[in-house]
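There are 2 protein chains.
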Amino acid sequence: MSDEIETSQEVFEHLQHLLRTNEIAAFREEFLDHHIYDQSQFYLDFSDDERLELYNVLSPDELSEIFDSIDFDEVNIEPYLREISPEYLSAIFDQMSSDNAADILMTVNKRERRAIFTLMSPEKVTEIRNLMHYDEETAGSLMTTEFVAVVANQTVKSAMTVIKSIAEDAETIYYVYVLDTQKQLLGVISLRSLLISHDDVLISDLVNEHIIKVDVSEPQERVAKYFRDYDLLALPVVSHDNIMLGIVTVDDIIDVIDDEAQSDYSGLAGVNTDNLNQNPVQAAGKRLPWLIALLFLGMGTASLIDHFDSLVSQASVLAIFISLITGTAGNAGTQSLAVSIRRISVNDEENKSFISLILREIATGLVTGAVTGVTIFAVVSIWKGNIMLGLAVGVAMFCAITVANLAGSLIPVGMDRLGFDPAVASGPFISTMSDLTSVFIYFSIAGMFIRFFT
Amino acid sequence: MSDEIETSQEVFEHLQHLLRTNEIAAFREEFLDHHIYDQSQFYLDFSDDERLELYNVLSPDELSEIFDSIDFDEVNIEPYLREISPEYLSAIFDQMSSDNAADILMTVNKRERRAIFTLMSPEKVTEIRNLMHYDEETAGSLMTTEFVAVVANQTVKSAMTVIKSIAEDAETIYYVYVLDTQKQLLGVISLRSLLISHDDVLISDLVNEHIIKVDVSEPQERVAKYFRDYDLLALPVVSHDNIMLGIVTVDDIIDVIDDEAQSDYSGLAGVNTDNLNQNPVQAAGKRLPWLIALLFLGMGTASLIDHFDSLVSQASVLAIFISLITGTAGNAGTQSLAVSIRRISVNDEENKSFISLILREIATGLVTGAVTGVTIFAVVSIWKGNIMLGLAVGVAMFCAITVANLAGSLIPVGMDRLGFDPAVASGPFISTMSDLTSVFIYFSIAGMFIRFFT
Numbered sequence: 001m002s003d004e005i006e007t008s009q010e011v012f013e014h015l016q017h018l019l020r021t022n023e024i025a026a027f028r029e030e031f032l033d034h035h036i037y038d039q040s041q042f043y044l045d046f047s048d049d050e051r052l053e054l055y056n057v058l059s060p061d062e063l064s065e066i067f068d069s070i071d072f073d074e075v076n077i078e079p080y081l082r083e084i085s086p087e088y089l090s091a092i093f094d095q096m097s098s099d100n101a102a103d104i105l106m107t108v109n110k111r112e113r114r115a116i117f118t119l120m121s122p123e124k125v126t127e128i129r130n131l132m133h134y135d136e137e138t139a140g141s142l143m144t145t146e147f148v149a150v151v152a153n154q155t156v157k158s159a160m161t162v163i164k165s166i167a168e169d170a171e172t173i174y175y176v177y178v179l180d181t182q183k184q185l186l187g188v189i190s191l192r193s194l195l196i197s198h199d200d201v202l203i204s205d206l207v208n209e210h211i212i213k214v215d216v217s218e219p220q221e222r223v224a225k226y227f228r229d230y231d232l233l234a235l236p237v238v239s240h241d242n243i244m245l246g247i248v249t250v251d252d253i254i255d256v257i258d259d260e261a262q263s264d265y266s267g268l269a270g271v272n273t274d275n276l277n278q279n280p281v282q283a284a285g286k287r288l289p290w291l292i293a294l295l296f297l298g299m300g301t302a303s304l305i306d307h308f309d310s311l312v313s314q315a316s317v318l319a320i321f322i323s324l325i326t327g328t329a330g331n332a333g334t335q336s337l338a339v340s341i342r343r344i345s346v347n348d349e350e351n352k353s354f355i356s357l358i359l360r361e362i363a364t365g366l367v368t369g370a371v372t373g374v375t376i377f378a379v380v381s382i383w384k385g386n387i388m389l390g391l392a393v394g395v396a397m398f399c400a401i402t403v404a405n406l407a408g409s410l411i412p413v414g415m416d417r418l419g420f421d422p423a424v425a426s427g428p429f430i431s432t433m434s435d436l437t438s439v440f441i442y443f444s445i446a447g448m449f450i451r452f453f454t
Numbered sequence: 001m002s003d004e005i006e007t008s009q010e011v012f013e014h015l016q017h018l019l020r021t022n023e024i025a026a027f028r029e030e031f032l033d034h035h036i037y038d039q040s041q042f043y044l045d046f047s048d049d050e051r052l053e054l055y056n057v058l059s060p061d062e063l064s065e066i067f068d069s070i071d072f073d074e075v076n077i078e079p080y081l082r083e084i085s086p087e088y089l090s091a092i093f094d095q096m097s098s099d100n101a102a103d104i105l106m107t108v109n110k111r112e113r114r115a116i117f118t119l120m121s122p123e124k125v126t127e128i129r130n131l132m133h134y135d136e137e138t139a140g141s142l143m144t145t146e147f148v149a150v151v152a153n154q155t156v157k158s159a160m161t162v163i164k165s166i167a168e169d170a171e172t173i174y175y176v177y178v179l180d181t182q183k184q185l186l187g188v189i190s191l192r193s194l195l196i197s198h199d200d201v202l203i204s205d206l207v208n209e210h211i212i213k214v215d216v217s218e219p220q221e222r223v224a225k226y227f228r229d230y231d232l233l234a235l236p237v238v239s240h241d242n243i244m245l246g247i248v249t250v251d252d253i254i255d256v257i258d259d260e261a262q263s264d265y266s267g268l269a270g271v272n273t274d275n276l277n278q279n280p281v282q283a284a285g286k287r288l289p290w291l292i293a294l295l296f297l298g299m300g301t302a303s304l305i306d307h308f309d310s311l312v313s314q315a316s317v318l319a320i321f322i323s324l325i326t327g328t329a330g331n332a333g334t335q336s337l338a339v340s341i342r343r344i345s346v347n348d349e350e351n352k353s354f355i356s357l358i359l360r361e362i363a364t365g366l367v368t369g370a371v372t373g374v375t376i377f378a379v380v381s382i383w384k385g386n387i388m389l390g391l392a393v394g395v396a397m398f399c400a401i402t403v404a405n406l407a408g409s410l411i412p413v414g415m416d417r418l419g420f421d422p423a424v425a426s427g428p429f430i431s432t433m434s435d436l437t438s439v440f441i442y443f444s445i446a447g448m449f450i451r452f453f454t
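Listed in order, the protein sequences are those of chains A and B. For the first sequence, counting from 1, position 309 maps to 309 in UniProt numbering; every step adds exactly one. For the second sequence, counting from 1, position 79 maps to 79 in UniProt numbering; every step adds exactly one.
See the structure below:
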């Protein structure tokens, strides 16, 4: 690949040149010869003027494939839609996969959408309208309605004829779904097993009825888990009464897995890592809201320390261990947060009850806190030659870690149960929260011990 | 699916019952009727005795499919291998996909491996031996050698005959690769386009020569990126002289994407989130090494504060802002760490030079630090009615954030350039490191300002 990558800028400039000099045939030959993903990258990189020229040179059908392959989660579609004539645009949407068309049309305002719909084929509009009803991040919102279906009392030969006739339009032809006359899903046959069967075998003799399928309202994480576990290329989506509605294909699931991982990761760090090519002011603008919010939460910790000012005046040695205790408890809280968020996102039937989760995290916190507490007790006692000071710091560390562990684990679980996205409880948030409780614990315990070491 | 999930425990118990009461025919019928993934879950859940019985009831071929579907990254294979007879075991490996067989046999010690090899078919052993040579986490280590190849001067009809004859063994038949007589890769045809073409068309007229392919040594992240961008089901792997060696299939790539995301995430939190079902002592054992290591790093910060003890004795108000400054700088460092690690892992041709990366992060740190510094200056000045104290805290905050930002960004980039895994520089590590620099900055600046506010 490396050759191609090194020269891709030259290829692009050559394409620009052909467009500007109006060498239509040469442009079409070279442009359409590229993989559709590369075509879409060129399209996005062209200038406004070049794109206007492009619409003269390519058919709506050719543009529809480009639109199908652009990830509009990451690209703002608006400026592109506005420069295309309504007739051309509706022809594009007519040719696109209905799931992708629905995704784009969701972002367009109602009036414009209606204008586009009036120029499109009524069947396609109905399909797209139906898809737009499904909740975001469910199987319904991911599926496409272009799948291959046959009936059970067909022969392999007649099924193959059906498949060949719709092969060009279907999103995948490698799974063939068997439906009854009410469109209920009976089973699946792989194209592979059709190919190696005799022409006159009946579909009903080949069909695999132990089919993995999902309800249209199933959340996308669950759908992704089926793909991972069962190594699927496509998964049928059915209504509550088993009517086949569409299929989710593996390429869409790769994007879901990627997005989910990205959002867990971004959440943990308290920063959105979606767009990495921003200038410093944009980047700072993205990070500052969290930082400033946490700064004010941190002010709570500061006023708490202020409240204990008399203790620090009595024994300035106490100031030494503030950051050690808040830092270590914050680290422990972040660990348990990360484990807890993962546990929610792989959320499956093995998931234990709320109570058993709490008990297990309390136990983990107690063990972690005990080991860390004893360690710091030993270190401080020897370093400062003061066992009572060591004891105060050790006990405070033990309590602070146990509480931070519990908080790191319970906050996301609680948010999840209440219907919020647990990934919002980021690592920095948990550390800053735990600063507050750790300081309170530390000074309360130090207050009890202070007469032994001043 | 929910019905099936609720009853899966009953199904399992019924299977156990059939095994124990030796109802072989009934067991085989029910067991083999399940999806191969479910079969593998049952297999792993059976007791030792039940598995020994299973080897009598199932053929090595049937077991080989179960072995193919188990993710041995997450399951320790050893105890299973040890309970199976050498003859049966070598028959399993003979039937498995060579990539999965190679993955498992890599983990077996040399002597045992040789014993298994002597009982296997020599061709399969050669295939597996070849696969074992490729570096981990490269295209070579992911690929399988079971692909479908035809030559260019064949007709569609004769190609379809080839495909049907090897359909059962090939990992995927949906892409057909066109090779010359030296086994060099010329292009690809989808099964879809073969199906809709006439029998007597020549392969050379259909072949798509703009093929996406990877070199056998290409890292797996790059391979995953091709799958994501080009929506592939399989990707051919070639040697440096374009000899076709194998294919990587999309199901293996989903596991790669998952593992990569998991390891970035685990790194950021300083805890391995691979195994979520551990008892509290195991869980604590996994978290403690990091915590204790960071505790000792934190002791550095504590001794630094100790060093500045005279400042705290003079103005105990200084203690109030220690955790605010270390916490906020730690949060900023974690954000820039997360962005930096993401940037490395999507590492591609757009990647800027080292110098421009540094300059951009310095600029982002300056902007973030300035806004946060001004905010805290205002808050502290008003709260404590002391502008000079506010100034000291504000300037310290500005410097601490700039440094933390730079460190969070440079440490992983530097580690990557030196050949270490940047994900080891976890969030907790960066916050603890930045505690040290923040405290130093804070007290140094406070020392300069102290005569104005005591």
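Glycine included, each C-beta is placed from N, C-alpha and C at the ideal position. All figures in this text were calculated on a predicted structure; none of them were measured in a lab.
Element boundaries [beta strand (DSSP E), containing residue i]
{"i": "Ile-167/A", "result": "Position check: residue 167/A holds Ala in this sequence, whereas Ile was assumed. Neither: Ala-167/A is in no beta strand (DSSP E) and is coded neither H nor E."}
{"i": "Leu-245/A", "result": "244-249"}
{"i": "Gly-140/B", "result": "Segment 139-142 is the alpha helix (DSSP H) holding Gly-140/B; no beta strand (DSSP E) there."}
Nearest neighbour of residue i, chosen from the options [CA to CA]
{"i": "Asn-56/B", "options": "Ala-25/B, Ile-36/B and Gln-41/B", "result": "Ala-25/B"}
{"i": "Ala-152/A", "options": "Asp-199/A, Gly-427/A, Met-160/A and Asp-205/A", "result": "Asp-205/A"}
{"i": "Ser-438/A", "options": "Arg-222/A, Thr-402/A and Ile-387/A", "result": "Thr-402/A"}
{"i": "Leu-436/A", "options": "Cys-399/A, Ile-77/A, Gly-394/A and Glu-10/A", "result": "Cys-399/A"}
{"i": "Gly-447/A", "options": "Met-388/A, Ser-434/A and Arg-28/A", "result": "Met-388/A"}
{"i": "Gln-39/A", "options": "Asp-200/B, His-210/B and Tyr-175/B", "result": "His-210/B"}
{"i": "Asp-200/A", "options": "Ser-316/A, Ala-159/A and Asp-48/A", "result": "Ala-159/A"}
{"i": "Asn-386/B", "options": "Phe-453/B, Phe-440/B, Glu-23/B and Ile-362/B", "result": "Phe-453/B"}
{"i": "Ser-434/A", "options": "Gly-369/A, Gly-327/A, Thr-107/A and Asp-421/A", "result": "Gly-327/A"}
{"i": "Leu-119/B", "options": "Val-148/B, Leu-235/B, Ala-101/B and Leu-89/B", "result": "Leu-89/B"}
Classification of residue i by the beta-carbon crowding that lies within 10 angstroms, buried from 16 upward
{"i": "Phe-296/A", "result": "exposed"}
{"i": "Ser-252/B", "result": "Before going on, a small fix: residue 252/B reads as Asp here, not Ser. The residue in question, Asp-252/B, is buried, as its Cβ has 16 or more Cβ neighbours within 10 Å."}
{"i": "Lys-110/A", "result": "exposed"}
{"i": "Gln-9/B", "result": "exposed"}
{"i": "Ser-426/A", "result": "buried"}
{"i": "Pro-122/A", "result": "exposed"}
{"i": "Leu-44/A", "result": "exposed"}
{"i": "Asp-99/B", "result": "buried"}
{"i": "Glu-350/A", "result": "Per-residue confidence for Glu-350/A stands at a pLDDT of 48, beneath the threshold of 50, marking its modelled position as unreliable; no derived number is given."}
{"i": "His-17/B", "result": "exposed"}
{"i": "Phe-420/A", "result": "exposed"}
{"i": "Ala-115/A", "result": "exposed"}
{"i": "Lys-157/A", "result": "exposed"}
{"i": "Ser-266/B", "result": "buried"}
{"i": "Ala-338/A", "result": "buried"}
Residue range of the alpha helix (DSSP H) that includes residue i
{"i": "Pro-236/B", "result": "Looking at the DSSP string, Pro-236/B is not in any alpha helix (DSSP H); the run it does join, the beta strand (DSSP E), is 234-238."}
{"i": "Gly-270/B", "result": "Careful: Gly-270/B lies outside any alpha helix (DSSP H) and carries neither H nor E."}
{"i": "Phe-149/B", "result": "It should be pointed out that residue 149/B corresponds to Ala in this sequence rather than to Phe. Unbroken run through Ala-149/B is the beta strand (DSSP E), 149-151; no alpha helix (DSSP H)."}
8 Å Cβ cutoff, residue i in contact with chain D
{"i": "Asp-33/A", "result": "Among the chains of the structure shown, chain D does not appear; the protein chains present are A and B."}
Given 8 Å, three or more beta-carbon pairs between the region 181-190 of chain B and the region 234-249 of chain B: yes
contact_flag[the region 135-151 of chain A, the region 217-226 of chain A] where n(CB pairs < 8 Å) is 3 or more: yes
Near-chain A residues of the region 121-146 of chain B - C-beta to any C-beta below 9 Å: none
Contact the region 322-340 of chain A vs the region 287-306 of chain B: 3+ CB pairs below 8 Å: yes
Selection of the region 75-96 of chain A by Cβ proximity to chain B, strictly under 9 Å: none
The region 89-100 of chain B contacting the region 64-72 of chain B, beta-carbon criterion three pairs below 8 Å: yes
Near-chain A residues of the region 171-185 of chain B - C-beta to any C-beta below 7 Å: Ile-173 and Tyr-174
Residues in the region 182-206 of chain B having any Cβ partner in chain A nearer than 8 Å: Leu-191, Arg-192, Leu-195 and Ile-196
Interface residues of the region 440-451 of chain B facing chain A [CB-CB below 9 Å]: none
Chain A contacts made by the region 222-235 of chain B, where a contact means CB separation under 9 Å: Arg-222, Ala-224, Tyr-226, Phe-227, Arg-228, Asp-229, Tyr-230, Asp-231, Leu-232 and Leu-233
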